[in-house]
Amino acid sequence: MWVYKTGRSEEKKMVLYQFENDRKYDRASDYLEGFNGVIQSDGYQAYANIKDIKNMGCFAHIRRKLVEVMDVAPKGTVIKETQTYKMYQLINKLFYLEKVYDKKYKKDYDRITRERKTKSLPVLEEFYEIVKTVAPHTPKKSHLDTAMTYAINNEKYLRYYIEDGRVEISNNSAERCCKSFVIGRKNFLFSNSINGAKASGAAYSIIESAKINGLKPYEYIEYILTRMTGNKLTADLLEKIMPWSEELPKNLYKNKKA
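Next up, the structure:
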């Protein structure tokens with residue numbers, strides 16, 4: 041199941057689940073044909089080969105890999121004295137700065153870009169200084185080697201967030217949408233076919249899109265089914281029942297009073 045989620049700066053927020061039989065590179069290029077913008081991912085190279093798309097990496101992935109290194113450190117290792125811990129703390133500082141920017145500047149993405157260039161970039165530079173010092177002396181195929189290889193191979197994608205305040209420091213929000221499907225899949229009783237997977241993708245697209253727009257999924261689905269019943273599905277009607285539509289009744293929202 042491929043999952044696509046709009047970025048935080050988009051007014052029309054949605055999550056799309058697309059079932060495919062495999063993870064071939066051309067699945068992404070076919071689905072994103074005509075798209076011109078930024079794609080943030082875990083570093084999957086399929087996105088790097090798509091024309092007119094800028095790629096952004098995910099700092100949560102490199103942080104997880106550093107945690108794995110510390111978890112398997114030899115007994116007696118003073119973790120806080122290791123280079124791995126220093127890199128981990130620098131990544132944590134980048135995440136902390138993002139919380140500060142988000143709280144202080146909200147949706148002023150130009151200001152966030154300036155703050156990143158002033159405050160986050162020096163931290164990122166220090167991180168990569170350590171990476172490039174440690175990497176040549178790292179045992180091949182070790183956990184640390186995996187972490188360093190990921191950091192080096194994705195450097196230009198990880199650095200991109202400094203240039204664009206709209207993009208987030210990680211794709212955790214999209215991964216949470218993936219998690220919803222994974223949890224559901226463990227409990228599916230009758231969705232064990234390709235058609236069932238496609239139907240599940242459509243259902244999850246509606247449910248998760250409703251959730252990120254602040255809607256109550258059950259009430260929203262009930263509403264759109266009622267509106268669609270007996271009516272011609274025109275572009276105008278579809279626009280009115282989209283999860284971002286301003287014409288939706290207030291009682292469909294979690295925190296809006298009717």
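Those letters in the sequence shown? Residues 41 to 298, per our numbering, in order. Idealized CB from N, CA, C, for every residue including glycine. Since the structure is predicted, the reported quantities are computational estimates derived from the model, not experimental observations.
ask   = For Lys290, which residues does DSSP report across the bridge?
value = By one-based count along the sequence shown, residue 290 stands at place 250. Note: Lys290 sits in no beta bridge, so no partner.
Does the beta-carbon distance from Tyr190 to Lys105 come in below 8 Å?
Locating residue 190 in the sequence shown gives position 150, counting from the first residue. Locating residue 105 in the sequence shown gives position 65, counting from the first residue. Cβ distance < 8 Å, so Tyr190 and Lys105 count as in contact.
Using only alpha-carbon positions, find the residue among Phe167, Ile90, Lys52 and Ile79 that is nearest to Ser69.
Taking the first residue of the sequence shown as 1, we reach residue 69 at position 29. That would be Ile90, whose Cα lies nearest to the Cα of Ser69.
- prompt: In chain order, what residues of the same chain lie with their CB nearer than 8 Å to the CB of Glu51, ignoring the 5 residues before and after it?
  reply: Here residue 51 refers to the residue found at position 11 when the sequence shown is read from its first residue. Only Trp284 meet the Cβ criterion.
**Study point:** Whole runs of the alpha helix (DSSP H) within the region 58-119, excluding any shorter than 4 residues
**Key:** 65-71 and 99-111
For the beta strand (DSSP E) that Val43 lies in, which residues bound it at each end? Numbered from its first residue, the sequence shown carries residue 43 at position 3. Taken as a continuous stretch (DSSP letters only), the beta strand (DSSP E) holding Val43 covers Trp42 to Lys45.
Practice problem: Can you tell me which of the three DSSP states Val55 falls into? | Solution: Position 15 of the sequence shown, counted from the first residue, corresponds to residue 55. Strand.
Checklist line | For Leu137: DSSP bridge partner residues | finding: Taking the sequence shown and counting its residues from 1, one reaches residue 137 at position 97. For Leu137, DSSP assigns no beta-bridge partner whatsoever.
DSSP has Leu255 in a bridge; who is on the other side? Taking the first residue of the sequence shown as position 1, residue 255 is located at position 215. Answer is Tyr293.
Below 8 Å on the Cβ atoms is my contact criterion, and I expect Asn194 with Gly97 to pass it. Report the Cβ-Cβ distance as a whole number of Å. Taking the first residue of the sequence shown as 1, we reach residue 194 at position 154. Taking the first residue of the sequence shown as 1, we reach residue 97 at position 57. That pair is a contact at about 4 Å.
Discussion item. Tell me the rounded alpha-carbon separation between Ile202 and Thr153.
Written reply: As a first step, residue 202 is located in the sequence shown; it is residue number 162 there, counting from the start. As a first step, residue 153 is located in the sequence shown; it is residue number 113 there, counting from the start. One C-alpha to the other measures close to 6 Å.
- request: Look at the Cβ atom of Ile79, then the Cβ atom of Ile102, and state whether they are nearer than 8 Å.
  value: Here the question's residue 79 lines up with position 39 in the sequence shown. Here the question's residue 102 lines up with position 62 in the sequence shown. Contact flag unset, no.
Leaving out five residues before and five after Ala187 in sequence, what residues of the same chain have Cβ atoms less than 6 Å from its Cβ?
Stepping through the sequence shown from its first residue, residue 187 is reached at position 147. Closer than 6 Å at the Cβ level, and outside the excluded window around Ala187, lie Lys105, Leu106 and Val109.
Which term fits Leu273, buried or exposed, when burial requires 16 or more other beta carbons within 10 angstroms of its beta carbon?
-> The residue you call residue 273 lines up with position 233 of the sequence shown. Classification for Leu273: exposed.
ask   = Hey, would you say Arg67 sits closer than 8 Å to Glu60, going by beta carbons?
value = On the sequence shown, residue 67 is found 27 positions in, with the first residue counted as 1. On the sequence shown, residue 60 is found 20 positions in, with the first residue counted as 1. For the 8 Å CB-CB criterion, Arg67 and Glu60 form a contact.
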